[in-house]
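Chains A and B are the protein sequences, given in the same order. First residue of the first sequence? That's 11 in the working numbering, and the numbers climb one at a time after it. First residue of the second sequence? That's 279 in the working numbering, and the numbers climb one at a time after it.
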Amino acid sequence: MLHKPDCSAMAHLPNTEPLRVADRLFHSRLFVGTGKFSSNELMRDALRACGTELVTVALKRADLSGRNDPFADILNFLEPDRYLVLPNTAGAMNAEEAVRLARLAVAAGLPNWVKLEIHPDPNYLLPDPIETLKAAEVLVKEGFVVLPYINADPVLARRLQDVGVATVMPLGSPIGSNRGLECRAQIEIIIEQAQVPVVVDAGIGLPSHASAALELGADAVLVNTAIAIAADPIAAGQAFAAAVQAGRVARELGMGVTSQRAVATSPLTSFLS
Amino acid sequence: MPTFSQIHPTLDLAGLGKRARHASDADVRRILARGRASTLEDFAVLISPAAGAHLESLCRLSQAATRRFFGRTIRMFAPIYLSNECVNICRYCGFSRNNPIPRITLTVQQVEREVRLLAGRGFRSLLIVAGEHPKFVSNGYVEEVIRRLLPVMPSLALELGPLETQDYIPMVAAGAEGLVVYQETYDRQTYAELHVAGPKKHYGWRMDTPERAYAAGFRRLGIGALYGLHEWRYEALSVAAHAQHLLRACWKAQVNISLPRMRPAAGGFAPKFHMTDRELVQAVAAYRLLLPHAGLVLSTREPPALRDGLVPLGITTMSAGSSTEPGGYSNHFDETTWTPNSEQPGEQFHIADERPPQEIAAMIRRQGYEPVWKDFDQALVSRPEPAAPVASPAS
Numbered sequence: 011m012l013h014k015p016d017c018s019a020m021a022h023l024p025n026t027e028p029l030r031v032a033d034r035l036f037h038s039r040l041f042v043g044t045g046k047f048s049s050n051e052l053m054r055d056a057l058r059a060c061g062t063e064l065v066t067v068a069l070k071r072a073d074l075s076g077r078n079d080p081f082a083d084i085l086n087f088l089e090p091d092r093y094l095v096l097p098n099t100a101g102a103m104n105a106e107e108a109v110r111l112a113r114l115a116v117a118a119g120l121p122n123w124v125k126l127e128i129h130p131d132p133n134y135l136l137p138d139p140i141e142t143l144k145a146a147e148v149l150v151k152e153g154f155v156v157l158p159y160i161n162a163d164p165v166l167a168r169r170l171q172d173v174g175v176a177t178v179m180p181l182g183s184p185i186g187s188n189r190g191l192e193c194r195a196q197i198e199i200i201i202e203q204a205q206v207p208v209v210v211d212a213g214i215g216l217p218s219h220a221s222a223a224l225e226l227g228a229d230a231v232l233v234n235t236a237i238a239i240a241a242d243p244i245a246a247g248q249a250f251a252a253a254v255q256a257g258r259v260a261r262e263l264g265m266g267v268t269s270q271r272a273v274a275t276s277p278l279t280s281f282l283s
Numbered sequence: 279m280p281t282f283s284q285i286h287p288t289l290d291l292a293g294l295g296k297r298a299r300h301a302s303d304a305d306v307r308r309i310l311a312r313g314r315a316s317t318l319e320d321f322a323v324l325i326s327p328a329a330g331a332h333l334e335s336l337c338r339l340s341q342a343a344t345r346r347f348f349g350r351t352i353r354m355f356a357p358i359y360l361s362n363e364c365v366n367i368c369r370y371c372g373f374s375r376n377n378p379i380p381r382i383t384l385t386v387q388q389v390e391r392e393v394r395l396l397a398g399r400g401f402r403s404l405l406i407v408a409g410e411h412p413k414f415v416s417n418g419y420v421e422e423v424i425r426r427l428l429p430v431m432p433s434l435a436l437e438l439g440p441l442e443t444q445d446y447i448p449m450v451a452a453g454a455e456g457l458v459v460y461q462e463t464y465d466r467q468t469y470a471e472l473h474v475a476g477p478k479k480h481y482g483w484r485m486d487t488p489e490r491a492y493a494a495g496f497r498r499l500g501i502g503a504l505y506g507l508h509e510w511r512y513e514a515l516s517v518a519a520h521a522q523h524l525l526r527a528c529w530k531a532q533v534n535i536s537l538p539r540m541r542p543a544a545g546g547f548a549p550k551f552h553m554t555d556r557e558l559v560q561a562v563a564a565y566r567l568l569l570p571h572a573g574l575v576l577s578t579r580e581p582p583a584l585r586d587g588l589v590p591l592g593i594t595t596m597s598a599g600s601s602t603e604p605g606g607y608s609n610h611f612d613e614t615t616w617t618p619n620s621e622q623p624g625e626q627f628h629i630a631d632e633r634p635p636q637e638i639a640a641m642i643r644r645q646g647y648e649p650v651w652k653d654f655d656q657a658l659v660s661r662p663e664p665a666a667p668v669a670s671p672a673s
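If you want it as C-alpha cells, here you go:
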C-alpha cells in the first residue's frame, strides 16, 4: 500500500471509501499532473501538501535513457514511495508512438501503468478516439494498466472498457481552459454506465468543479493547470484536496438528490403508519 | 484547399491596415473587456497606436492566456549553423552570396563536435540552420546530420531553403520534427526589391513552404517576418493571417511565430522601417490574444533587458548563448564561460544578448518560470529502437 497521505487540508473531513484502480488502493481521489509548474521544487512541495497519491508525468519531459540527465530530471522530484508515478504519452500523435513511449517507460524502470494521451491537435489537445482505442488494445494485451484520456464520449468509454482499460478519463473541458464540467451531461452517462472508475481529467479550474465532479459520481479527478499556475500552488493543491474530499462525502451520503417540485419535510401520509 | 500564397492576395490588408492605424480607444476597450481577439479585425485593433496606450492591460491578458496553456515555463533551444554557403542575393542578409565573408560548411563530425558542446550546456532542442546552396546542402547531408544528432538532441527543427514535399520526407523520416521558414516580408514589391537573385526570389513558393512541409509530416511549423524590411503592422497582420490559415490547413501541427527584428550584418543593409521595443511587446501580446495556442519565439537578436521583460508576457520559447556562424561554438566561444571570445566573420548577423545559457536559465527562474530543456522524446520519431548515442551530455 502506498504511503498514507498526511494532508492537513482533509483533517476535519470525514473519511471516505478508498478508491481501487486495478490492484491499488488510493485514499486520495485527487490525482495531479506535473506539467506547467514554475519549478520542480515547487511542484514537489505542492504535491506533498495536497496529499495526492497518483501523479502523472509527460514522458517527453523525462529522461528515459538511464543516463541521469540533469536537464531532464523531473522524475527525481517525484517520490515513488509517496506516489504512483503514472507516465503519460503526451506528444504522441498516434497509437504507434504512444505504444513506443509506454514500452520505453517500462524499460526505464517506471511502473507498467500508462495514461494514454494521444492528441494530434496540438492546439486544443483533444484526444484522438481512434488512436486511443488502438493503443489501449495493444497495451492491455501486453499487460499494461491503461488509463485512457478521452473526450466525454459514452460509446468510446464502453468500447475502451470492453478492451480492458483500468479507468476511463473523460475531459471536463479542454486542457488548460479551466472551464469545469462543460461536458457534464455526457460525463453523467459515462458514470451511469461505467464498470471501471471514472476520473474526470482536464478543464478542472476551480475546487468547486472538482467537488461537482465527485458529487456527480466521478470516482476521482485529475487536476494540473489550475494548481500549477496558481499564485500559490501549495494552497491551491490543498484547496482542491478539500474540495474533492467534500464532494466524495456528499456522494457517499446520497446528498443532493434534486427534484423539480417542492418536497415537504414532514410527510403527508405519516398518519397511516 | 487554397494555399496561403493564393489566399494572401485576397485579404483586405489595406482595410485592416487602416484599422490598425486608426482604431479608437473604444474599439480597444471592447476587445480588452472580452479578453481575447477573435478575428483579424480585432488583431488589427490590438496592434494600433490606440492599443499601445493600453499596453499594461494587453500584457496582463497575454500573460494569463499564456500561463493557462503553456504554464510558467519557457522552452530553451539553440541554433546550430551547418553552412553559410548561399546562392541567393538578399540585400539584408549576412550570407548573401555577394558578401565577402569566409564561407564554411561543417562536416558531419564537426557538427557533432558543436552539438556535444551544446548538449553540455543543457540543450536538448536545436534549430538546424543552413544557407541555401544545392551543392553544399544536399545529397542526404542534412538527413545524415539529423540521424547522428537525434540520440543526443531529441527535438530537431530545420531552417533551410524551401524544398519540395518529397525532399522533406526523408528529413522527417530521419527524425526532424519542426520546420521554420520566415517569409521575411509579405509585401510583394518589397520582397522583389530585396531578393534580387537565386531561388529565394520566388515569393509564393516560399510562402507555401510550411504547407509542403506539413504534407511531409513535420509536427511543428515556424513562421515569421523580419521586422525592419517593411511596415511592421502590415507584416504582423500577414503573419497572423498566415498562422490562422496554417491552424486550419495543417491541423496536426504546432504553429510557432518568431519575431525577429533586423540586426547588423555583413553587407551593411540599413533597414528603412523601425519597430520600437514597445511595439514588439505589443505585437507579442496581440499575437497571444488572437492565437492562444501558438508558440512565440524570442531569439538572441534582442537585448538582455527586453528579453528579460518579455519572459512573463507571452513568449514560450527562447534561444540562449547563440552563435550564427557555422562552427562558432567550437571556434569562437570560451568553453568555460560560454561567451564569444573572438569575432565571427562568417556569422549571419550579430546577436545582442550574449549571456550564456545558464545565466538565461537563472534569469528565467528569478522571474518565477521554469526553463524546460527537454520537451520531446526520440521515441516519438524513431522506429525501431534508437542506436547508441554518439555523444553523452556532460553532467
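Even glycine gets a Cβ: it sits at the ideal position worked out from N, Cα and C.
Closer than 6 Å by C-beta to residue i: which residues in its own chain qualify, once you throw out the five before and the five after it? Chain order, please.
| i | result |
| --- | --- |
| residue 303/B | 328 |
| residue 425/B | 452 |
| residue 654/B | 432, 433 |
| residue 595/B | 353, 573, 575 |
| residue 619/B | 612 |
Would you verify that the beta carbon of residue i is, or is not, closer than 8 Å to some beta carbon of chain A?
| i | result |
| --- | --- |
| residue 571/B | yes |
| residue 525/B | yes |
| residue 652/B | yes |
| residue 655/B | yes |
| residue 497/B | yes |
| residue 668/B | Low confidence applies here, because residue 668/B scores a pLDDT of 34, under 50, leaving its location unreliable; read the following figure in that light. Chain A contact via Cβ: absent. |
Using CA coordinates, which residue listed in the options is at the minimum distance from residue i?
| i | options | result |
| --- | --- | --- |
| residue 367/B | 391/B, 471/B, 445/B, 281/B | 471/B |
| residue 495/B | 98/A, 90/A, 104/A, 74/A | 104/A |
| residue 442/B | 475/B, 414/B, 493/B, 456/B | 493/B |
| residue 485/B | 476/B, 308/B, 469/B | 469/B |
| residue 31/A | 237/A, 256/A, 229/A | 229/A |
| residue 161/A | 204/A, 196/A, 147/A | 196/A |
| residue 460/B | 474/B, 583/B, 433/B, 514/B | 514/B |
| residue 432/B | 141/A, 71/A, 247/A, 223/A | 71/A |
| residue 505/B | 518/B, 463/B, 614/B | 463/B |
| residue 113/A | 163/A, 133/A, 146/A, 129/A | 146/A |
| residue 395/B | 644/B, 630/B, 609/B | 609/B |
| residue 45/A | 508/B, 282/B, 353/B | 353/B |
| residue 254/B | 574/B, 508/B, 527/B | In the structure as shown, chain B starts at 279 and stops at 673, and residue 254/B therefore has no counterpart that could be examined. |
How would you list, in chain order, the residues of chain B whose beta-carbon sits under 8 Å from the beta-carbon of residue i?
| i | result |
| --- | --- |
| residue 131/A | 529, 530 |
| residue 188/A | 346 |
| residue 74/A | 655, 657 |
| residue 111/A | 655, 657, 658 |
So which residues on chain B does residue i lean against when the C-beta distance must stay under 9 Å?
| i | result |
| --- | --- |
| residue 49/A | 350, 643, 646, 647, 648 |
| residue 56/A | Within 9 Å Cβ-Cβ: nothing; residue 56/A doesn't reach chain B, min ~12 Å. |
| residue 125/A | The contacting residues do not exist; residue 125/A stays about 15 Å from chain B at best. |
Identify the contact partners of residue i in chain A, using a Cβ-Cβ distance below 8 Å as the criterion.
| i | result |
| --- | --- |
| residue 282/B | Neighbours of residue 282/B on chain A: none; closest Cβ ~18 Å, over 8 Å. |
For residue i, which residues from the same chain have a beta carbon less than 7 Å from its beta carbon, with the 5 sequence-adjacent residues on both sides left out?
| i | result |
| --- | --- |
| residue 169/A | 143 |
| residue 421/B | 448, 449, 452 |
| residue 234/A | 42, 43, 45, 46 |
Interface residues of chain A around residue i at Cβ under 7 Å?
| i | result |
| --- | --- |
| residue 400/B | 81 |
Could you tell me which chain B residues have their CB closer than 7 Å to the CB of residue i, listed as they occur along the chain?
| i | result |
| --- | --- |
| residue 107/A | 658 |
| residue 102/A | 658 |
| residue 69/A | 655 |
| residue 114/A | 657 |
Between residue i and chain B, is any beta-carbon pair separated by less than 8 Å?
| i | result |
| --- | --- |
| residue 7/A | Because chain A here runs from 11 to 283, residue 7/A falls outside it and cannot be looked at. |
| residue 144/A | no |
| residue 140/A | no |
| residue 119/A | no |
| residue 251/A | no |
| residue 45/A | yes |
| residue 237/A | no |
For residue i, collect the residues of the same chain with a Cβ closer than 8 Å to its Cβ; drop the 5 residues on either side in sequence, then sort them by chain order.
| i | result |
| --- | --- |
| residue 560/B | 324, 325, 329, 330, 333, 336 |
| residue 288/B | none |
| residue 153/A | 122 |
Members of the region 328-347 of chain B near chain A, C-beta cut-off 8 Å: 345, 346, 347
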